[in-house]
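Peer 1: One line per chain: the protein sequences are W and R, in this order. So in the working numbering the end of the first sequence lands on 248, straight run, no missing numbers. So in the working numbering the end of the second sequence lands on 248, straight run, no missing numbers. Idealized CB from N, CA, C, for every residue including glycine. To start, I am sharing the structure in question, which I have written as structure tokens.
Protein chains: 2
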Amino acid sequence: MKPSVKDNKRKAILDAATELLALKPTATLQEIADHAQIGIATLHRYFSTRELLLDALALNAIGLVDEALEGIMNDDSDMLRFLTEVFEALIPLGSKMSFLSFAASVDENPNILAEEARIKQPLREAVEGWQTRGLLNAAMPAHWMITVMYNLLFVAWQEIQNGNLAKNDAPQLLVSTVIQGFGASGRSGS
Amino acid sequence: MKPSVKDNKRKAILDAATELLALKPTATLQEIADHAQIGIATLHRYFSTRELLLDALALNAIGLVDEALEGIMNDDSDMLRFLTEVFEALIPLGSKMSFLSFAASVDENPNILAEEARIKQPLREAVEGWQTRGLLNAAMPAHWMITVMYNLLFVAWQEIQNGNLAKNDAPQLLVSTVIQGFGASGRSGS
DNA sequence: AATAAATGATAGATAAATATATCATTATAT
DNA sequence: ATATAATGATATATTTATCTATCATTTATT
């Protein structure tokens, strides 16, 4: 069951491709091969068509998110800790998240749309639980909160790439942003 | 100085093209023409090459944002009102905002990058002022706040398009999200 | 070291997108 | 109503991207 060297290379290609396509969705196969530092012939050996590559990218992203969320259980006791762990796990996957939302909606692939909804389930259930408990604003639609959080994962990833945000600061900043907002800590309303 | 009928059509094409490209950056000229409900020959008459079309899209987006922000002055007295007005003005331009950030970074067009920074200036100055006054969290990087707000403009626009969010609810929801976050209204941090 | 597998560069073929040109039809203006 | 301008459909050419095939070189295996 150990991943072969070929599997590793395949994963490296997928990672590089996702990274580039998240920033430049119109990248050609040649550009993708360059970014992955391989010849275009090799790229074709691993993924015979662009369409197959895109499908593999989506499946890879889903698998990585599943893997990252594995083991992060919500014991319903400590919301901030749970959120921090989720963000720590998912920020490095920012480009994958972004690609997923885009590619899935673009390709209208129902399979991938379903998977995308599935991987959002844990966070959705957690949010709804916290709303019931009065920890989160019950008047705000849960769907909006989820959407915002997943989008901010990509924003954070991008800011890290651009050198505007320290990797280690990102999870806390995200938690603070979504829970408290930008308001001064004491009070916030008018 | 009145816009001619041809200018109006030109703008209509730009609007339709932005809308489509924001959702599907890989759209072909044929798809853009279809979405704008014109023949591809007419599209070529207005914009002779794809590159010229993309440049025009960026310039149009910048002009619309300028126009939308015109007249919204920050009197430094009422942060929530100012933010609400900015969001009311910019949410309908969500697809333009999104296209701008993407196209500019993709094309590496320095002109557009500069304009993009310029249209963010008013909000940046306002945020920094509010931080000084203690209305906003001074420990949070202003750059992060601006980036988040501009990204959420597109998210809100998208949610409206998808039918998940009422147009009239969006500005308030955005203000609430960025100022208070998702926390229950009373208190938020641990 | 010898063998097998994988790679990259390159060339060529196919397919797709973009760009140009023509013409009949529709809309607009006067 | 007529003339002018704009449009859309279509055909064609050109460019670009994708895909396939070949072969020498590099890398891995034993």
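Taking beta-carbon pairs under 8 Å, can you tell me which members of the stretch 216 to 246 of chain W lie near chain R?
Peer 2: The residues in question are Glu217, Asn222, Leu223, Leu231, Ser234, Thr235, Val236, Ile237, Gln238, Gly239, Phe240, Gly241, Ala242, Ser243, Ser246.
Peer 1: How about the stretch 74 to 88 of chain R and the stretch 221 to 235 of chain W: do they share at least three Cβ pairs that are nearer than 8 Å?
Peer 2: With the cut-off at 8 Å, the stretch 74 to 88 of chain R and the stretch 221 to 235 of chain W do not touch.
Peer 1: Short of 8 Å in beta carbon distance, which residues of its chain neighbour Thr190(R), apart from the five on each side in sequence? Order them along the chain.
Peer 2: To locate residue 190(R), count along the second sequence from 1; it is residue 132. Only Ala196 meet the Cβ criterion.
Peer 1: Could you check what DSSP says for Leu110(R) in three-state terms: helix, strand or coil?
Peer 2: Numbered from 1 along the second sequence, position 52 holds the residue referred to as residue 110(R). Looking at Leu110(R) - three-state DSSP - the assignment turns out to be helix.
Peer 1: If we cut at 9 Å on Cβ distances, does Thr190(R) have a partner in chain W?
Peer 2: Against the second sequence, residue 190(R) aligns to sequence position 132. No, because no Cβ of chain W sits closer than 9 Å to the Cβ of Thr190(R).
Peer 1: Do Arg182(W) and Ala200(W) count as a contact pair if the criterion is CB distance below 9 Å?
Peer 2: The residue labelled residue 200(W) in the question sits at position 142 within the first sequence. The residue labelled residue 182(W) in the question sits at position 124 within the first sequence. The answer is yes: Cβ separation under 9 Å.
Peer 1: Terminal residues of the continuous alpha helix (DSSP H) containing Phe145(R)?
Peer 2: In the second sequence, counting from the first residue as 1, residue 145(R) sits at position 87. 137 to 148 is the extent of the alpha helix (DSSP H) around Phe145(R).
Peer 1: Name the chain R residues that come within less than 9 Å of His201(W), Cβ to Cβ?
Peer 2: As a first step, residue 201(W) is located in the first sequence; it is residue number 143 there, counting from the start. Within chain R, the residues near His201(W) are Glu217, Asn222, Leu223.
Peer 1: Inspect the beta-carbon positions of Tyr208(R) and Met131(R) and report whether they are closer than 9 Å.
Peer 2: Your numbering for residue 208(R) matches position 150 in the second sequence. Your numbering for residue 131(R) matches position 73 in the second sequence. No.
Peer 1: Short of 7 Å Cβ to Cβ, which residues in the stretch 164 to 193 of chain R face chain W?
Peer 2: Here the close residues are Val164, Gly192, Leu193.
Peer 1: Give a yes or no on whether the C-beta atoms belonging to Leu112(R) and Ala161(R) are separated by under 9 Å.
Peer 2: Counted from its first residue, the second sequence places residue 112(R) at position 54. Counted from its first residue, the second sequence places residue 161(R) at position 103. Yes, the pair counts as a contact, with Cβ atoms nearer than the cut-off.
Peer 1: Closer than 8 Å is the cut-off here; do at least three beta carbon pairs connect the stretch 140 to 159 of chain R with the stretch 110 to 128 of chain R?
Peer 2: Segments in contact, yes.
Peer 1: Does Gly241(W) come out as helix, strand or coil in the three-state DSSP assignment?
Peer 2: Counting from 1 along the first sequence, the entry for residue 241(W) is found at position 183. DSSP places Gly241(W) in strand when its eight states are reduced to three.
Peer 1: Could you give the DSSP three-state label for Leu151(R): helix, strand or coil?
Peer 2: Within the second sequence, residue 151(R) is the residue found at index 93, counting from 1. The answer is helix: DSSP assigns Leu151(R) an H, G or I state.
Peer 1: Quickly, what does DSSP pair Leu194(R) with across the bridge? List them, please.
Peer 2: Reading the second sequence from its first residue, position 136 is the one you call residue 194(R). Beta-bridge pairing links Leu194(R) to Gly241(W).
Peer 1: Are the beta-carbon atoms of Leu115(W) and Thr142(W) separated by less than 9 Å?
Peer 2: Start at 1 with the first residue of the first sequence, and residue 115(W) comes out as number 57. Start at 1 with the first residue of the first sequence, and residue 142(W) comes out as number 84. No, they are not a contact pair.
Peer 1: What's the C-alpha gap between Ala184(R) and Asp73(W)?
Peer 2: Residue numbering aside, residue 184(R) sits at position 126 when the second sequence is read from its first letter. Residue numbering aside, residue 73(W) sits at position 15 when the first sequence is read from its first letter. Taking the straight line from one Cα to the other gives about 39 Å.
Peer 1: Of all the residues that make up the stretch 86 to 111 of chain R, which are near chain W by a beta-carbon distance shorter than 9 Å?
Peer 2: The stretch 86 to 111 of chain R vs chain W, Cβ under 9 Å: nothing.
Peer 1: Apply the 10 Å Cβ neighbour rule to Ala230(R) and answer buried if 16 or more other Cβ atoms are within range, or exposed otherwise.
Peer 2: For this step, residue 230(R) is matched to residue 172 along the second sequence. The displayed chain sequence assigns Gln, not Ala, to residue 230(R). That one is exposed.
Peer 1: How many angstroms separate the CA atom of Leu193(W) from the CA atom of Asp136(W)?
Peer 2: Counted from its first residue, the first sequence places residue 193(W) at position 135. Counted from its first residue, the first sequence places residue 136(W) at position 78. Distance between the alpha carbons of Leu193(W) and Asp136(W): 10 Å.
Peer 1: Within 9 Å of any Cβ in chain W, is that where the Cβ of Lys69(R) sits?
Peer 2: Residue numbering aside, residue 69(R) sits at position 11 when the second sequence is read from its first letter. Not one chain W Cβ lies under 9 Å of Lys69(R).
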